[in-house]
Amino acid sequence: MKILLINGSPKGKRSNSLKLAYSFIEGFKNGCTDDEESISIDELHVASMNIAACKGCFACWQKTPGICCIKDDMQKVIEKLIDADLILWSFPLYYFNVPGILKNLIDRQLPMSLPFMSSKQDGYGSGSHDSRYDMNGKRHVLISTCGFYSADGNYDSVLRMFDHFLGKGNYTTIFCGQGELFRVKELSARTDEYLASVKCSGSEYAMTGTISEETDAILHTLLYSRDVFEKMADASWGISKTTGEKEPDDLIFTRQMAALYNKDAYDGKDRVLEIHFTDLDHTYQIQLSKTGSEVFTDGRLSPTTRIDTPFTVWSAISRGEIGGAEALGKQMYTVSGDFSLMIDWDKIFGSASVVKKTEKTPQNTIEQKKPSMTTMLIPWITFWIAISIHPKVGALITLLVVATVPFIMRKHKFVIWDQLSMAAVAILSAAANITGNGVLPTNIGYFVFGLFWLLSCLTKEPLCAAYVKYNYGGENAHQNPLFMKTNYILAAAWGTLYVLTAIWTFLFKKAGFGNVLILVNNLIPILMGLFTAWFEKWYPARMARGCRKIIRLDD
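Position in the sequence shown (first residue = 1) + 13 = this note's numbering.
Structure below.
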């Protein structure tokens, strides 16, 4: 299998379209049934080649049949076109057609045709010329990006041209709007999704010779909505719409960030985000409302949330060089006011991904299971309630529930605390059933449950974090100091509560106040749950208002 990649971008290897072409090739190699070593890939970067414009002299038809009179790199291109099995045409859309340097290459294919008139069998066009060489069986894929919000309706002249010299329906296309976004590192999360879809299309093409309807639909999905893209595009020029003057980089950045505002995330509460770039001493405000976002530079609004940050830190966060939560935990920037904006940042300033399973392979991967704290709590709650009603019968009921938990929670991942809880509850239930006494096993249960929480504070991951970290970036949450500190404190609090519960339950029972325990042991966890809900919001917000430290990004 010989693949010829023709990069027709004047930007050469800096081409945005070329990124798509490379992703397609990577997917093609993965999906090819042949050994990877049997696939040869030849790249032609037209911008660095010497290919002159056609003179229209027809010497290649009359004086030197099949050979152009211009002695440059085109003869090498023709040889490779004849030899290739698959030809990838990679180019940006320039003024509704291919760039001029690629058009020169296309024009200079004239020596590959015979001079005699012929008629196309598909009836497309009013005349044609047969190929001088056997080009049957060759496959072609057109890969291109353009600067409009959508590729639809902008490639009609490109398609007509390729229909004429390749034959209508004899090639596959991947056309993508918003092409300039592929060079913006701050938007790589979204553009990488699209590149993964292109990779998938390459894999499918290698196996079937076509791109599936599902993948093709994803490839036709906008990277961002028209409104969002056009706002970002307008801001990227760095010129004021009203004055025409050059705008500072941090204002351009702020306008582009505001353009990413997701109106669908509006919760009925208007917000004003004020950002003070401390190293530049510039302050901007972004008004977020039901109708969209607007940037103000005169400080006319009252902020609901304020961020004080060096521009270098904030731009590094946007490029993914450091996590926003991690930087906040290290006090590289501070936040005051309504902290809920920071908690819902990804939802407010990010369009929901429209690409589902872009890294899917034809074999389809299984979705990763996540743990649920319910798995751990079901055995304990059943145990405490059932045993208090009737030790022997309650113990049997609890053992039955423990045995069914793996089936009930089969859609969730089991962690060590789930396994330890089921084992501990099973042992305590067996003891209650054998002795007919539920008081001691219940008390020991409180102590063991509290001990689990406390022991987890000695590990790299407190018990509660093992379950909720998937809402904060999964394993990346370990790099978030605020997240980890909050969960260590809560784990210690819950552990202490249940150890104390074991102590006061023993003392109250001994003193004859068993009836009071029913109220206390049910009321205290409820109050603790309310405290947890408050604390997990209050503590990060309080810490975010702390003294900011300047930390070098390369430390």
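In this text, a Cβ means the ideal position worked out from N, Cα and C, and glycines have one as well.
All figures in this text were calculated on a predicted structure; none of them were measured in a lab.
Is it buried or exposed for residue 547, if we count other Cβ within 10 angstroms and need 16 for buried? Along the sequence shown, one-based indexing puts residue 547 at 534. Flag for residue 547 reads exposed.
Whole-angstrom C-beta distance between residue 191 and residue 129, which should lie under 8 Å: As a working note, residue 129 is residue 116 in the sequence shown. As a working note, residue 191 is residue 178 in the sequence shown. The C-beta distance from residue 129 to residue 191 rounds to 45 Å, too long to fall under 8 Å, and the pair is not in contact.
In the DSSP assignment, find the beta strand (DSSP E) that holds residue 1 and state where it starts and stops. Residue 1 is absent from the structure shown; the chain starts at 14 and stops at 568.
Residues near residue 360 by beta carbon distance below 6 Å, same chain, minus five either side: Numbered from its first residue, the sequence shown carries residue 360 at position 347. Closer than 6 Å at the Cβ level, and outside the excluded window around residue 360, lie 278.
Range of the contiguous beta strand (DSSP E) that encloses residue 126: Counting from one through the sequence shown, the residue named residue 126 turns up at place 113. Its beta strand (DSSP E) spans residues 126 to 131.
Could you name each continuous alpha helix (DSSP H) segment of 4 residues or more that falls completely within the segment 199 to 273, going from the start of the chain to the end? Within the segment 199 to 273, the complete alpha helix (DSSP H) runs of at least 4 residues are 201 to 221, 226 to 232, 239 to 249, 262 to 272.
CB contact flag (residue 199, residue 160, <8 Å): On the sequence shown, position 186 is the one that residue 199 refers to. On the sequence shown, position 147 is the one that residue 160 refers to. In this structure, residue 160 does not lie closer than 8 Å to residue 199 by Cβ.
Can you list, in chain order, the residues of its chain whose CB lies under 8 Å from that of residue 435, leaving out five sequence neighbours each side? Here the question's residue 435 lines up with position 422 in the sequence shown. Only 392, 415, 418 meet the Cβ criterion.
Would residue 127 pass as an interface residue toward chain D - the criterion being a Cβ-Cβ separation below 8 Å? Among the chains of the structure shown, chain D does not appear; only one protein chain is present.
Note down the Cα distance separating residue 363 from residue 158, rounded to an integer number of angstroms. Working through the sequence shown from its first residue, we reach residue 363 at position 350. Working through the sequence shown from its first residue, we reach residue 158 at position 145. Rounded to whole angstroms, residue 363 to residue 158 spans 22 Å at the Cα level.
Endpoints, the alpha helix (DSSP H) within which residue 420 is located: In the sequence shown, residue 420 corresponds to position 407, counting from 1. Start and end: 404 to 421.
Classify residue 445 as buried or exposed, calling it buried when 16 or more other Cβ atoms lie within 10 Å of its own Cβ. Along the sequence shown, one-based indexing puts residue 445 at 432. Buried is the call here.
I believe residue 504 touches residue 469 by the beta-carbon criterion, under 8 Å. Please report the beta-carbon distance rounded to the nearest angstrom. By 1-based counting over the sequence shown, the position of residue 504 is 491. By 1-based counting over the sequence shown, the position of residue 469 is 456. Contact between residue 504 and residue 469 holds: CB atoms are separated by about 5 Å, below the 8 Å threshold.
Going by DSSP, which residues form a beta bridge with residue 107? In the sequence shown, the residue the question calls residue 107 occupies position 94. Paired residues: 110.
Could you have a look at residue 474 and say whether DSSP puts it in helix, strand or coil? Counting from one through the sequence shown, the residue named residue 474 turns up at place 461. For residue 474, the secondary structure class from DSSP, reduced to helix, strand or coil, is coil.
Distance between beta carbons of residue 493 and residue 336, contact taken as under 8 Å: As a position in the sequence shown, residue 336 is number 323, starting the count at 1. As a position in the sequence shown, residue 493 is number 480, starting the count at 1. Between residue 336 and residue 493 the beta-carbon gap is near 7 Å, inside 8 Å, which marks them as a contact.
Given that a residue counts as buried once 16 or more other Cβ atoms are within 10 Å of its Cβ, and exposed if not, what is residue 348? Mapped onto the sequence shown, residue 348 falls at position 335. By the neighbour-count rule (16 or more Cβ atoms within 10 Å), residue 348 is buried.
Excluding the 5 residues flanking residue 510 on each side, which residues of the same chain have their C-beta closer than 8 Å to its C-beta? Counting from one through the sequence shown, the residue named residue 510 turns up at place 497. Answer for residue 510: 463, 537, 538, 541, listed in chain order.
Span of the alpha helix (DSSP H) holding residue 32? What you label residue 32 is simply residue 19 of the sequence shown in a count that begins at 1. According to the DSSP assignment, residue 32 belongs to the alpha helix (DSSP H) that extends over 29 to 44.
Distance between residue 528 and residue 535 (C-alpha atoms, nearest Å): Here residue 535 refers to the residue found at position 522 when the sequence shown is read from its first residue. Here residue 528 refers to the residue found at position 515 when the sequence shown is read from its first residue. Cα-Cα distance, rounded: 12 Å.
Taking its Cβ as the centre, do 16 or more other Cβ atoms sit within 10 Å of residue 315, making it buried, or is it exposed? Taking the sequence shown and counting its residues from 1, one reaches residue 315 at position 302. With a threshold of 16 other beta carbon atoms within 10 Å, residue 315 falls short and is exposed.
Please determine whether the Cβ atom of residue 212 lies at a distance below 7 Å from any heavy atom of the ligand GDP. Within the structure as shown, the ligand GDP is missing, as the structure has no ligands at all.
Classify residue 223: buried if its beta carbon has 16 or more other beta carbons within 10 angstroms, exposed otherwise. Taking the first residue of the sequence shown as 1, we reach residue 223 at position 210. Burial check for residue 223: the Cβ neighbour count within 10 Å stays below 16, so the residue is exposed.
With respect to the beta strand (DSSP E) encompassing residue 305, which residues constitute its N-terminal and C-terminal limits? Sequence index remark: in the sequence shown, residue 305 carries index 292 (1-based). First-last of the beta strand (DSSP E) with residue 305: 305 to 309.
Can you give the Cα-Cα distance for residue 260 and residue 51, rounded to whole angstroms? By one-based count along the sequence shown, residue 260 stands at place 247. By one-based count along the sequence shown, residue 51 stands at place 38. Their Cα atoms are separated by approximately 53 Å.
Is it buried or exposed, residue 202, if we count other Cβ atoms within 10 angstroms and call 16 or more buried? What you label residue 202 is simply residue 189 of the sequence shown in a count that begins at 1. Under the 10 Å beta carbon count, residue 202 is surrounded by fewer than 16 other beta carbons and is classified as exposed.
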